[in-house]
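Residue numbering for the sequence shown follows our numbering, starting at 23 and increasing by one per position.
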Amino acid sequence: MSWTTKEIVDQLAKVVEPSRIKIGADDLQFYGNDWSNLSKPNPCAIVFPTSIKEVQAIVGLANKLNFPLVPSGGRTGLSGGALAKDRELVVSFDLMNKILGFNKSDALVSCQPGVVTQVLKDFAESKGLFYPVDFASVGSSQVGGNAATNAGGVNVLRYGMTRDWIEGIKVVTGMGELLELNRGLKKNATGFDFRHLFIGSEGTLGLIVELVVELTNPPKDLNVMLMGLKSIEHTTQVLAVFKEKLDLTAFEFFSDIAMKKVLEGKKLRNPFDHIFPFYVLAEFESYSEVQLNAASESFERCIDFGYAVEGVVSQNQRQARELWEFREGITESIASYEPFKSDVSCRISQTPAFLCNLEEILNGFDPKIEAVLFGHLGDGNIHINLLKPTKMDSEEFREVCKIISESIFNLVKSFGGSISAEHGIGLTKKPYLNYSRSEVELDYMRGVKRLFDPNNIMNPGKLIDI
Ligand code: 2HG
Ligand code: ZN
Numbered sequence: 023m024s025w026t027t028k029e030i031v032d033q034l035a036k037v038v039e040p041s042r043i044k045i046g047a048d049d050l051q052f053y054g055n056d057w058s059n060l061s062k063p064n065p066c067a068i069v070f071p072t073s074i075k076e077v078q079a080i081v082g083l084a085n086k087l088n089f090p091l092v093p094s095g096g097r098t099g100l101s102g103g104a105l106a107k108d109r110e111l112v113v114s115f116d117l118m119n120k121i122l123g124f125n126k127s128d129a130l131v132s133c134q135p136g137v138v139t140q141v142l143k144d145f146a147e148s149k150g151l152f153y154p155v156d157f158a159s160v161g162s163s164q165v166g167g168n169a170a171t172n173a174g175g176v177n178v179l180r181y182g183m184t185r186d187w188i189e190g191i192k193v194v195t196g197m198g199e200l201l202e203l204n205r206g207l208k209k210n211a212t213g214f215d216f217r218h219l220f221i222g223s224e225g226t227l228g229l230i231v232e233l234v235v236e237l238t239n240p241p242k243d244l245n246v247m248l249m250g251l252k253s254i255e256h257t258t259q260v261l262a263v264f265k266e267k268l269d270l271t272a273f274e275f276f277s278d279i280a281m282k283k284v285l286e287g288k289k290l291r292n293p294f295d296h297i298f299p300f301y302v303l304a305e306f307e308s309y310s311e312v313q314l315n316a317a318s319e320s321f322e323r324c325i326d327f328g329y330a331v332e333g334v335v336s337q338n339q340r341q342a343r344e345l346w347e348f349r350e351g352i353t354e355s356i357a358s359y360e361p362f363k364s365d366v367s368c369r370i371s372q373t374p375a376f377l378c379n380l381e382e383i384l385n386g387f388d389p390k391i392e393a394v395l396f397g398h399l400g401d402g403n404i405h406i407n408l409l410k411p412t413k414m415d416s417e418e419f420r421e422v423c424k425i426i427s428e429s430i431f432n433l434v435k436s437f438g439g440s441i442s443a444e445h446g447i448g449l450t451k452k453p454y455l456n457y458s459r460s461e462v463e464l465d466y467m468r469g470v471k472r473l474f475d476p477n478n479i480m481n482p483g484k485l486i487d488i
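Structure representation (structure tokens):
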């Protein structure tokens, strides 16, 4: 980029109030980074637009002067998708954070991209409705970022991913045009649905500037059951038994190391007398005796078949939240180990075989590197976090992890799975995209990128190069 920061800021100040352009070192560090903490952020400036017109003007300038943009929401991503490391201009949506409208009979809410996920969830609740996409970072992630990354989380088994709740979006393309896609329509058979190209595109095609989000009825009386198991294959067997009789809202699993780290990190009390090799957490609605009976019958069957050894079930909402802490506290509890993260998926029916192969692969590597397995088993999504041994140098650790993760990706490929179930490709998975997408598909992806962003100013270097 041949332009200096001053030149860019001077031009920007003609289209956005100067007080909404930041170049202080702390701001550059803060807004230029995401939770991947992959490398040192180095943006040229941060701009905070307040309207679609301003976003279009910023994109217009970026095209004219040829400087790259990085869209920025809550920056809770784990793949470096929102990392600005090459003097990009960060476009933060923090100030475009309004709920714009709500229609009860459509159950649709229109909002700006900077609305924090929890705010949308609370808004839905205030209307007697429910926004079902849920994950640990809902308190800071933003709806625009969720759409750009097609965020998943713990309720996908029942409710699907973010994509399934977006009934319309307005986007500013890489060329600065405004597209209004699908306009909240439930049915629309008019050809290519561009909305779905932008959802999950990680900001590489354009900027999402408004959304129409669908809400639904809230689930009733959620109950949570946590079970201790002897082996990895039992996790999927318990899932099969529970799915037969219950409409599950979540089905999660985690390993003994995960449990140990959470007990330590969160100072929680072990609900069992000892540590089991694996745990599963099942969440289900229990609005009548029927579901409660089905849950206890399923549990008893699991005990009889030897799939589960012990279990505890929540008696009220507080206990349900406490049981969730064992699962939701994992990421935070292992953060200090510089975890090397994988986030893979395969078909649900193939998870038993996949997990057994995965265990074999992991057993073949340095036992000093602890592998924490957990994830959303009910939708086939497995998180693998490799932990850095205290005595190992960070550089060496990352090199070993790359070798391990290539073996994992080969396994994923052999199962026709995905190298990123929900965290996205960003920078971290970009070199491996061909493990999940064919060369022909990648060519078409490049073609789509060129179509919407011919000057390659939209989050360049992420997801795919053109
Ligand atoms: C979760 O499921 C998140 O808790 C984070 O997707 C997973 O830390 C991870 O690898
Ligand atoms: Zn997850």
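We put the beta carbon where it would ideally sit given N, CA and C, even for glycine.
Skipping 5 residues on each side, what residues in its chain have a beta carbon closer than 6 Å to that of residue i?
{"i": "residue 330", "result": "249, 251, 260, 324"}
{"i": "residue 467", "result": "486"}
{"i": "residue 427", "result": "364"}
{"i": "residue 183", "result": "172, 174"}
{"i": "residue 390", "result": "411"}
{"i": "residue 362", "result": "408, 423"}
{"i": "residue 303", "result": "248, 274, 349"}
{"i": "residue 145", "result": "121"}
{"i": "residue 153", "result": "142, 143, 146, 237"}
Among the residues of its own chain, which have a CB less than 8 Å from the CB of residue i, if the five just before and after it don't count?
{"i": "residue 4", "result": "Residue 4 falls outside the range modelled here, since the chain spans only 23 to 488, and no answer is possible."}
{"i": "residue 124", "result": "130, 131, 132, 145, 149"}
Report yes if the C-beta of residue i is less than 7 Å from at least one heavy atom of ligand 2; otherwise report no.
{"i": "residue 397", "result": "yes"}
{"i": "residue 347", "result": "no"}
{"i": "residue 175", "result": "yes"}
{"i": "residue 218", "result": "no"}
{"i": "residue 350", "result": "no"}
{"i": "residue 403", "result": "yes"}
{"i": "residue 305", "result": "no"}
{"i": "residue 444", "result": "yes"}
Just to confirm, does residue i get its C-beta within under 7 Å of one of the non-hydrogen atoms of ligand 4?
{"i": "residue 157", "result": "Ligand 4 is not among the ligands present in this structure, which contains only ligand 1 and ligand 2."}
What did DSSP end up calling residue i once you bin it into helix, strand or coil?
{"i": "residue 316", "result": "helix"}
{"i": "residue 456", "result": "helix"}
{"i": "residue 188", "result": "strand"}
{"i": "residue 451", "result": "coil"}
{"i": "residue 230", "result": "strand"}
{"i": "residue 251", "result": "strand"}
{"i": "residue 245", "result": "strand"}
{"i": "residue 92", "result": "strand"}
{"i": "residue 272", "result": "strand"}
{"i": "residue 133", "result": "strand"}
{"i": "residue 277", "result": "strand"}
{"i": "residue 168", "result": "helix"}
{"i": "residue 125", "result": "strand"}
{"i": "residue 480", "result": "strand"}
{"i": "residue 398", "result": "strand"}
{"i": "residue 31", "result": "helix"}
{"i": "residue 22", "result": "Because the chain in this structure spans residues 23 to 488, residue 22 falls outside the shown range and cannot be described."}
{"i": "residue 376", "result": "helix"}
{"i": "residue 304", "result": "strand"}
{"i": "residue 297", "result": "coil"}
{"i": "residue 333", "result": "strand"}
{"i": "residue 212", "result": "coil"}
{"i": "residue 106", "result": "coil"}
{"i": "residue 381", "result": "helix"}
{"i": "residue 390", "result": "coil"}
{"i": "residue 344", "result": "helix"}
To which residues does DSSP link residue i through a beta bridge?
{"i": "residue 365", "result": "405, 442"}
{"i": "residue 114", "result": "94"}
{"i": "residue 67", "result": "111"}
{"i": "residue 202", "result": "192"}
Here's a check: name, in chain order, each residue in its chain whose Cβ is nearer than 7 Å to the Cβ of residue i, leaving out the five neighbours to either side.
{"i": "residue 488", "result": "468, 471, 472, 478"}
{"i": "residue 313", "result": "268, 306, 307"}
Indicate whether at least one CB of chain C lies closer than 8 Å to the CB of residue i.
{"i": "residue 465", "result": "Any reference to chain C falls outside this structure, which holds one protein chain only."}
At a cut-off of 7 Å, is residue i close to ligand 1 when judged by its beta-carbon and the heavy atoms of the ligand?
{"i": "residue 365", "result": "yes"}
{"i": "residue 59", "result": "no"}
{"i": "residue 195", "result": "no"}
{"i": "residue 353", "result": "yes"}
{"i": "residue 407", "result": "yes"}
Quick check: the region 213 to 230 against the region 163 to 176, are at least 3 beta-carbon pairs closer than 8 Å?
yes
| With contact counted as at least three CB pairs below 8 Å, one residue from each stretch, are the region 172 to 182 and the region 195 to 212 in contact? | no
For the region 207 to 219 against the region 139 to 150, do three or more pairs of beta-carbon atoms, one drawn from each stretch, fall closer than 8 Å, so that the two count as touching? no
State whether the region 106 to 121 contacts the region 52 to 69, with contact taken as three or more CB pairs (one from each stretch) at a distance under 8 Å.
yes
Using 8 Å as the threshold, is the region 401 to 416 in touch with the region 355 to 364, meaning 3 or more CB pairs across them? yes
Three CB pairs or more closer than 8 Å across the region 156 to 166 and the region 85 to 99
yes
Worksheet item: Does the region 56 to 71 touch the region 35 to 45, meaning 3 or more C-beta pairs lie closer than 8 Å?
Response: yes
Report yes or no: do the region 375 to 387 and the region 432 to 441 share at least 3 C-beta pairs separated by less than 8 Å?
-> yes
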